[in-house]
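Novice:
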Amino acid sequence: MKPHAISNESQLNSAGRLIHLLGLKGLPKKQLEKILDVADGLIDKKGNLQKSKILRDMSVANLFFEPSTRTRNTFEIAAKRTSAKTINVDLANSATKKNETLMDTMHTLKAMQIDMFVIRHKQNGLPHHVAENIEGVSILNAGDGINAHPTQALLDMLTIRQHKKTFDNLSVAIVGDIRHSRVARSGIQAMKTLGTTDIRLIAPETLHYKEETPGLERFDNLKKGIEGADVVISLRMQKERMIAADIPDEQTYFENFGLTPEVLKCAKPDVILMHPGPVNRGIELESSVADGPHSVILQQVTNGIAVRMAVMVILAGAF
Ligand code: CP
Numbered sequence: 018m019k020p021h022a023i024s025n026e027s028q029l030n031s032a033g034r035l036i037h038l039l040g041l042k043g044l045p046k047k048q049l050e051k052i053l054d055v056a057d058g059l060i061d062k063k064g065n066l067q068k069s070k071i072l073r074d075m076s077v078a079n080l081f082f083e084p085s086t087r088t089r090n091t092f093e094i095a096a097k098r099t100s101a102k103t104i105n106v107d108l109a110n111s112a113t114k115k116n117e118t119l120m121d122t123m124h125t126l127k128a129m130q131i132d133m134f135v136i137r138h139k140q141n142g143l144p145h146h147v148a149e150n151i152e153g154v155s156i157l158n159a160g161d162g163i164n165a166h167p168t169q170a171l172l173d174m175l176t177i178r179q180h181k182k183t184f185d186n187l188s189v190a191i192v193g194d195i196r197h198s199r200v201a202r203s204g205i206q207a208m209k210t211l212g213t214t215d216i217r218l219i220a221p222e223t224l225h226y227k228e229e230t231p232g233l234e235r236f237d238n239l240k241k242g243i244e245g246a247d248v249v250i251s252l253r254m255q256k257e258r259m260i261a262a263d264i265p266d267e268q269t270y271f272e273n274f275g276l277t278p279e280v281l282k283c284a285k286p287d288v289i290l291m292h293p294g295p296v297n298r299g300i301e302l303e304s305s306v307a308d309g310p311h312s313v314i315l316q317q318v319t320n321g322i323a324v325r326m327a328v329m330v331i332l333a334g335a336f
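Counting the sequence shown from 1 gives a position; my numbering is that position plus 17.
Below is the structure:
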């Protein structure tokens with residue numbers, strides 16, 4: 018299934034209220050701003066995250082069919098900080114290994130009184146399929162194939178807003194394996210909705226989108242692409258989604274598309290450097306950039322808790 022063929026319509030009910038979070042395409046600007054505002058309200062002036070009892074009567078299940086450190090753990094922490102009961106379904110030892118269908122697994126877990134399911138899967142559109150075939154629970158997409166990673170994009174928007182205040186008049190450069198990046202797809206959808214018009218895509222030809230990208234400028238030269246940028250988003254090389262012919266030689270890739278302090282000087286002096294993680298040091302960027310003064314990579318991780326708390330309390334109908 019092609020990413021752009023997947024519909025997010027089932028995430029809003031007839032009154033326009035969010036009942037699932039499947040993707041950001043089609044979500045109104047007001048809805049995105051509401052999630053960011055609720056997340057902001059969960060962070061105090063010292064940058065500490067608040068706790069809440071809003072989900073005290075609810076249970077949240079994490080189903081991660083692909084590996085994760087940031088998303089899985091921050092969803093668990095977010096659920097616990099809002100007083101939900103949480104389980105991480107041990108998929109390697111579950112009945113899915115005895116050929117139980119995914120929907121039978123989902124209905125079985127729902128019978129255990131689970132209210133929200135956080136799902137990561139390699140198949141594009143899998144969380145959407147589940148949402149359309151189960152009632153009375155919320156589905157949160159924690160990354161499906163190359164299609165969408167909505168909470169990552171939202172935490173990225175929160176991080177940008179904390180530094181740049183507005184999305185208008187921003188120049189954002191996205192560098193790396195754009196073709197296989199669900200983070201980039203959701204991020205571009207969010208930025209377009211929030212008003213950013215200067216979005217540049219920088220990659221070797223094999224890692225650019227195959228589909229048309231109206232309104233987005235494509236570059237194959239890193240320095241030209243990041244010239245005067247306010248935000249640089251470096252992306253992970255997703256070898257697990259590539260065919261052998263697409264995998265670039267790492268040394269050549271770093272020489273042409275790797276971020277170094279010298280290259281970063283082409284951007285604005287107050288540029289922020291983002292990366293969804295995990296970082297491949299020495300391939301996508303130098304350690305001196307990943308850990309340098311422009312990097313907000315660890316702030317992105319912390320913001321992931323606030324954003325995931327915000328999404329879950331909104332889905333619970335609290336805002
Ligand atoms: N950004 C992200 O999705 O990281 P994880 O794979 O560690 O969850």
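Each residue gets a CB set at the ideal place from its N, CA and C atoms; glycine is no exception.
Quick check on Asn238: buried or exposed, where buried means 16 or more other Cβ atoms within 10 Å of its Cβ?
Specialist: Looking at its Cβ environment, which holds fewer than 16 other Cβ atoms inside 10 Å, Asn238 is exposed.
Novice: With distances taken from each beta carbon to the nearest heavy atom of the ligand CP, which residues come in below 7 Å, in chain order?
Specialist: Listed along the chain, these residues meet the criterion: Pro84, Ser85, Thr86, Arg87, Thr88, Arg89, Gly160, His166, Gln169, Val200, Pro293, Gly294 and Pro295.
Novice: By DSSP, does Gly160 sit in helix, in strand, or in coil?
Specialist: The answer is strand: DSSP assigns Gly160 an E or B state.
Novice: Which complete beta strand (DSSP E) runs does the segment 80-135 hold, if anything under 3 residues is left out?
Specialist: As far as the segment 80-135 is concerned, its whole beta strand (DSSP E) runs of at least 3 residues are 102-105.
Novice: Taking Arg202 as part of the alpha helix (DSSP H), name the residues at either end of that continuous run.
Specialist: Its alpha helix (DSSP H) spans residues Arg199 to Leu211.
Novice: If you follow the beta strand (DSSP E) that Met291 is in, where does it begin and where does it stop?
Specialist: Element bounds for Met291: Ile289 to Met291.
Novice: In the DSSP assignment, find the beta strand (DSSP E) that holds Ile216 and state where it starts and stops.
Specialist: Unbroken beta strand (DSSP E) run through Ile216: Asp215 to Ile219.
Novice: Would you say Ala96 and Lys102 are within 9 Å of each other, going by their C-beta atoms?
Specialist: Closer than 9 Å, so yes.
Novice: Go ahead and label Asn30 buried or exposed: buried means 16 or more other beta carbons lie within 10 angstroms of its beta carbon, across all protein chains shown.
Specialist: Result: exposed.
Novice: If you count every other CB in all the chains shown that lies within 10 Å of the CB of Ala323, and 16 or more means buried, which is it?
Specialist: Burial call: buried.
Novice: To which residues does DSSP link Leu29 through a beta bridge?
Specialist: Paired residues: Leu35.
Novice: Determine the extent of the alpha helix (DSSP H) in which Met190 is found, giving its start and end residues.
Specialist: One detail in the question is off: residue 190 reads as Ala in this sequence, not Met. Taken as a continuous stretch (DSSP letters only), Ala190 belongs to no alpha helix (DSSP H), being part of the beta strand (DSSP E) at Ser188 to Val192.
Novice: What residue from Phe274, His138, Ile191 and Leu290 has the CA that sits closest to His180's CA?
Specialist: When each option's Cα is compared against that of His180, the closest is Leu290.
Novice: Could you give the distance in angstroms between the alpha-carbon of Gly142 and the alpha-carbon of Ala148?
Specialist: Rounded to the nearest angstrom, the two C-alpha atoms are 10 Å apart.
Novice: Please specify which runs of the beta strand (DSSP E), each continuous and at least 3 residues long, are wholly inside the segment 255-300, giving them in chain order.
Specialist: 289-291, all fully within the segment 255-300.
Novice: Suppose the cutoff is 7 Å on Cβ atoms and the five residues either side in sequence are ignored; what does the same chain contact list for Ala201 look like?
Specialist: The residues are Ile191, Ile195 and Leu252.
Novice: Specify whether the segment 106-117 and the segment 161-171 touch according to this definition: at least 3 beta carbon pairs, one from each stretch, less than 8 Å apart.
Specialist: Touching, no, given that fewer than three Cβ pairs across the two stretches are closer than 8 Å.
Novice: Within this structure, are the beta carbons of Met75 and Met133 separated by less than 9 Å?
Specialist: The answer is yes: Cβ separation under 9 Å.
Novice: Looking at the structure shown, is Arg325 part of a helix, part of a strand, or coil, going by DSSP?
Specialist: Here Arg325 sits in helix by DSSP.
Novice: By Cβ distance below 6 Å, which residues in the same chain neighbour Phe271 in space, the five residues on each side in sequence not counted?
Specialist: Hits under 6 Å: Ile300.
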